[in-house]
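Data block below; observations after.
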Amino acid sequence: MKILITGINGAHARMVALRLLAQGHEILGIDRRPWPDAPPNIHVFQTDVRKRPAADVFRIHRPEVVIHMATITHYSARADERLRINLHGTRLVLDHCHEYGVKQVVFVGRHTIYGAAPDAPLYRTEDEPPLAVTTFPELADLVAADLYAGSALWRWPEIRTAVLRLVYILGPARRGTLANFLEGKRAPMILGFDPLYHFMHDEDAVEAIIRTVDHQLSGVFNVAGPPPVPLSVLTRGTGRQAIPIPEPLFRYTVGRFGLPFLPPGAAMHIKHPIVVDNTAFRTATGFEYQYDAHEIMRGFRDG
Amino acid sequence: MWPRFEQVTSRDVLERLERLDLPFNQFGMDPYGVSKHHLGIFMTMLEVFYKHYFRVRSFGLEHIPRTGPGMLVSNHSGGVPADGGMIIASLFFSLDPPRAVHGMVEKFAQEWPFVSQWFNRVGQLPGLPEHAIRLLRDGRLLMVFPEGARGLGKLYKDRYHLSHFGTGFMRIALQTGTPIIPLAFIGGEEAMPTVFHARRLARLVGAPYWPVPPYLLPLPLPLGCEIHYGKPMHFEGNGDESDDIIEGYVEQVKSVINVLVARGRVIHQQRRAGAVLDDPPATES
Chain X
8 MKILITGING
18 AHARMVALRL
28 LAQGHEILGI
38 DRRPWPDAPP
48 NIHVFQTDVR
58 KRPAADVFRI
68 HRPEVVIHMA
78 TITHYSARAD
88 ERLRINLHGT
98 RLVLDHCHEY
108 GVKQVVFVGR
118 HTIYGAAPDA
128 PLYRTEDEPP
138 LAVTTFPELA
148 DLVAADLYAG
158 SALWRWPEIR
168 TAVLRLVYIL
178 GPARRGTLAN
188 FLEGKRAPMI
198 LGFDPLYHFM
208 HDEDAVEAII
218 RTVDHQLSGV
228 FNVAGPPPVP
238 LSVLTRGTGR
248 QAIPIPEPLF
258 RYTVGRFGLP
268 FLPPGAAMHI
278 KHPIVVDNTA
288 FRTATGFEYQ
298 YDAHEIMRGF
308 RDG
Chain D
22 MWPRFEQVTS
32 RDVLERLERL
42 DLPFNQFGMD
52 PYGVSKHHLG
62 IFMTMLEVFY
72 KHYFRVRSFG
82 LEHIPRTGPG
92 MLVSNHSGGV
102 PADGGMIIAS
112 LFFSLDPPRA
122 VHGMVEKFAQ
132 EWPFVSQWFN
142 RVGQLPGLPE
152 HAIRLLRDGR
162 LLMVFPEGAR
172 GLGKLYKDRY
182 HLSHFGTGFM
192 RIALQTGTPI
202 IPLAFIGGEE
212 AMPTVFHARR
222 LARLVGAPYW
232 PVPPYLLPLP
242 LPLGCEIHYG
252 KPMHFEGNGD
262 ESDDIIEGYV
272 EQVKSVINVL
282 VARGRVIHQQ
292 RRAGAVLDDP
302 PATES
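Chains as they are written, first to last, in the working numbering: chain X, 8 to 310; chain D, 22 to 306.
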């Protein structure tokens, strides 16, 4: 099959590309960043998904499957830029898919859109509303992109659209939101709170995306790895020093004292858990995680 | 720096933790965030209250299912939720093998530092229907107080008078096909006689009430308590029944609890008069 991956230069998108290539698929990629040592049979178009040359890739090469991974978080760009890339980019990619006869779309999203709140259920199913719009306003663009991608399910039923909500990805690739959070020697916690954190290994995340393509999934699916562990276990397991900060002081300490920069909304996500129920995805694809929490944390620490 | 978990956990607790029906992983965590270490320390603390402070006697433990789901429905009393803790302790220390009980904690407590963390680590999750359904479908024991904070905050003059029962628990029991185990907690009202509610103080800390006993400090007295478990009750339905049917079922549960309370109070009087209750007679209902 001819598969187009947007944002192909991301660490996990590359892993997906290489795995699919090894399976004998024809791989195309779009990214703003160059991939100098890309295998010769992966054709990377260095452009922005929102620009004309990106539309040309769809028009000329006619991919059958599109894996949309060109989304970014607050760690990599400012709010207006995030909105342009995450929401407008997703819109344009889906429009192209519709216009140029793409048969299957996979939107790779995040579980953080569910938002952490004191009165939210511990395990979120796919029908839980995305609370992050209020609990973590800096994620609003990702919430919008996720819901917008889901709207393709009723707007264009002829396209098999899968919206994946992956838990944090962690492992030797050391890329992703949680990897950024744990980048330094110290990681902040909110004093008196120790929420459960749900994460999965790089390889398991890649496997889940490939299974989504293989099973031609249609619908919204939570994707998770091993059972969640408390943030204190996560910081210890990754060799980080947890710094408990009283909540009123949180906003004054982020980005200082060796702590990562975090927007004010992140406090809720360090205070309360976001854990997902991935039963639907496992039933649909038979997916089982290969790496447990201990291997994931060790992989990240030594990676 | 910190004492080791084994050093601060009693031997009885350590031994019982090993036989507990929870799937702990290599971090000593179960999928709902219950931590073996936290549970050990929590139970060691409860042990003092269960065995020595309230000297709790448990009757009718044969009615607790050895495996699978069950909903423990209790009267609520005593200003501070000591009854919840004692029911948890009862099924941990007096049942063989022990079983873990999940309670449903008031949502306002989720914003309290340390308190919420501890509640979550010992399996006491925020009171949401989603949690109740998920835990029961997973074969856990759930403890509910259908009187809610209304029951907890009742004044001494209203002791053992069951206030209004919510109906949510019954719909969830029907929906999940869970047997209901009615129970009466006796002694809580005398141990913590609330004569007055400090409303301003309650508002200040975000609690629904603040109990004030005659001796002012909101702490229960070291008086003997008993727990009487009744026969499991099974109801037919799927949880979508009309309100009058559900309320009829709830009334049945309430009346059984009233019977258990009445009988329990007689035994409680005898105990306070000097009767020895170390060999509990089997209860019938």
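Glycine residues also receive a C-beta, built at the ideal position from the N, C-alpha and C atoms.
Within chain X, no C-beta atom comes nearer than 9 angstroms to that of Gly227/D; the closest sits roughly 11 angstroms away.
Put simply, the backbone Cα of Gly199/X is about 13 angstroms away from that of Phe257/X. Contact with chain D is absent for Glu71/X, since none of that chain's Cβ atoms lies less than 9 angstroms from the residue's Cβ. Counting the other Cβ atoms within 10 Å of the Cβ of Arg155/D gives 16 or more, which makes it buried.
Selection Asn187/X, Leu99/X, Ala151/X evaluated against Thr141/X yields Ala151/X as nearest (Cα-Cα).
DSSP, reduced to helix, strand and coil, places Pro60/X within a helical segment of the structure shown. Leu99/X has a beta carbon lying at 9 angstroms or more from every beta carbon in chain D.
For Ala300/X, the closest Cβ of chain D is nearer than 9 angstroms.
Thr168/X is bridged by DSSP to Val112/X.
When secondary structure is reduced to three states using DSSP, Gly285/D falls in the helix class. Rounded to the nearest angstrom, the Cβ distance from Arg131/X to Val23/X is 25 angstroms, too far for a contact under 8 angstroms. Partner residues in a beta bridge of Tyr177/D, as assigned by DSSP, do not exist. Per DSSP, Lys57/D has no beta-bridge partner at all. Within chain X, the C-beta atoms nearer than 7 angstroms to that of Gln47/D come from His301, in chain order. Here Tyr259/X is exposed, its C-beta having fewer than 16 other C-beta atoms within 10 Å. Membership of Ala205/D in the beta strand (DSSP E) is indicated by the continuous run 201-207. Taking a Cβ-Cβ threshold of 9 angstroms, the residues of chain X close to Lys128/D are Pro125, Asp126, in chain order.
Under the three-state reduction of DSSP, His218/D is assigned to strand.
Put simply, the CB of Phe135/D is near chain X, with a gap under 9 angstroms to one of its CB atoms.
When Cβ-Cβ separations below 9 angstroms define contact, Phe200/X makes contact with chain D. In the three-state scheme derived from DSSP, where H, G and I count as helix and E and B as strand, Ala153/D is classed as helix. The Cβ neighbour count for Asn229/X, taken over all protein chains shown within 10 Å, is at least 16; the residue is labelled buried. Glu210/D is the residue among Val233/D, Val77/D, Glu210/D whose C-alpha sits nearest the C-alpha of His182/D. Ranked by Cα distance from Ala156/X, the options Arg59/X, Gly226/X, Phe143/X are led by Gly226/X.
Scanning Pro229/D, Arg32/D, Arg192/D, Ile278/D for the CA closest to the CA of Gly61/D turns up Arg32/D. Phe264/X sits in coil when the DSSP states are folded into three classes, being neither helix nor strand. Identification of chain D residues near Leu241/X by a Cβ-Cβ cut-off of 9 angstroms yields none; the smallest Cβ-Cβ distance measures about 10 angstroms. Sequence-distant partners of His84/D (beyond 5 residues in either direction) whose C-beta falls short of 7 angstroms from its own C-beta, in its chain, are Ile202, Tyr250, Gly251, Lys252, Pro253. The alpha-carbon of Val34/D is positioned some 22 angstroms away from that of Pro102/D.
DSSP places Ile281/X within a strand segment (E or B) once states are collapsed to three. With its beta carbon at least 9 angstroms from every one in chain D, Leu177/X lies outside the interface. Distance between Met64/D and Glu190/X, taken at the CA atoms: about 37 angstroms.
Distance between Pro195/X and Val261/X, taken at the CA atoms: about 8 angstroms. Look at the stretch 45-74 of chain D: the residues with a C-beta under 7 angstroms from a C-beta of chain X are Asn46, Gln47, Phe48, Met50, Pro52, Tyr53, Gly54. For a cut-off of 8 angstroms, the C-beta gap from Trp42/X to Ile79/X is around 17 angstroms, too long to register as a contact. Interface with chain X (9 angstroms Cβ-Cβ cutoff): Glu132/D is included.
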